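*Asks:* Input: one structure, supplied below.
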Amino acid sequence: MTASSSTKFDMPRFNDSNHLAWKLKMHAILIKDGYAVALKGKENNPKEIKDQVFDDELAMPNIYLALDEVVLFNVSEETKAKCLWKKLQNLYEEKSMSNKIFLRKKLYNLKMAKDSSFQEHLSKFNTLISRLVAISVDEKERASLMLCSKPESLGYLDW
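Here's what the structure looks like:
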């Protein structure tokens with residue numbers, strides 16, 4: 001696919017707090033433009049290696065241009081799309097205990113603001129849940145976290 005056939009999208013740059021949404025959108029763009037194969041990076045025969053180098057050269061700028069400076073400087077030494085993608089995953093999808101505790105604490109402390117809509121609150125909740133799901137949180141805990149985050153003005157919820 002040629003660079004001239006790519007479509008422009010209004011996508012916020014990845015700024016270290018929107019990794020999962022950014023990753024899904026960026027992967028979709030790379031698939032649409034035909035460069036997602038560069039994320040695999042494992043071809044062996046000469047023709048496929050040549051094609052992969054071409055795909056890699058076109059995938060890299062797409063990824064780098066979609067990164068905020070805060071993130072960019074953490075991965076700027078990477079020269080292959082597969083390595084860059086893996087480094088972003090390692091940095092922002094870390095499944096460490098400290099990351100799980102940090103995200104759980106943010107969820108436990110999440111309360112719906114009096115001046116916000118339930119939709120806004122649900123969006124914040126789902127963003128945090130998506131980050132936790134990526135590092136393994138079961139459905140019962142998600143339900144418990146949602147109930148803990150509702151304002152007291154909603155009272156008791158009878159399911």
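For the sequence shown, full-length UniProt numbering gives the first residue as 1, with consecutive numbering after it. Ideal placement from N, C-alpha and C gives every residue a C-beta, glycine not left out. Small disclaimer: the values here were computed from a predicted structure and weren't measured.
1. Tell me, please, which residues DSSP counts as bridged to Phe14.
2. Rounded C-beta distance between Asn18 and Val70? I'm assuming under 8 Å.
3. Check whether the Cβ atoms of Ala36 and Ala59 sit closer than 9 Å, and answer yes or no.
4. Between Ile101 and the rest of its own chain, which residues show a CB-CB distance below 7 Å, the 5 nearest in sequence each way excluded?
5. Do Lys87 and residue 234 count as a contact pair if the criterion is CB distance below 9 Å?
6. My understanding is that Asn99 touches Ile135, with C-beta atoms under 8 Å, so please give their C-beta distance in whole angstroms.
7. Measuring only the C-alpha atoms, how far is Arg13 from Lys23?
8. Decide if Phe125 is buried, meaning its Cβ has at least 16 other Cβ atoms within 10 Å, or exposed.
9. Out of Glu93, Leu145, Glu139, Pro151, point me to the one whose CA is closest to Ser116's CA.
10. Taking the straight line between their C-alpha atoms, what separation do you get for Met11 and Lys140?
11. Please determine, among Asn74, Asp56, Asn62, Leu72, the residue with the shortest C-alpha to C-alpha distance to Lys80.
12. With a threshold of 16 other CB atoms inside 10 Å of the CB of Tyr108, please say whether the residue is buried or exposed.
13. What did DSSP end up calling Ala113 once you bin it into helix, strand or coil?
*Replies:* Once the coordinates are examined:
1. Leu67
2. Not quite, the Cβ-Cβ distance comes to about 11 Å (not below 8 Å), so this is no contact.
3. A contact, by the Cβ cut-off of 9 Å.
4. none
5. Because the chain in this structure spans residues 1 to 159, residue 234 falls outside the shown range and cannot be described.
6. 6 Å between Cβ atoms; contact.
7. 10 Å
8. buried
9. Pro151
10. 33 Å
11. Asp56
12. By the 10 Å Cβ count, Tyr108 comes out exposed.
13. coil
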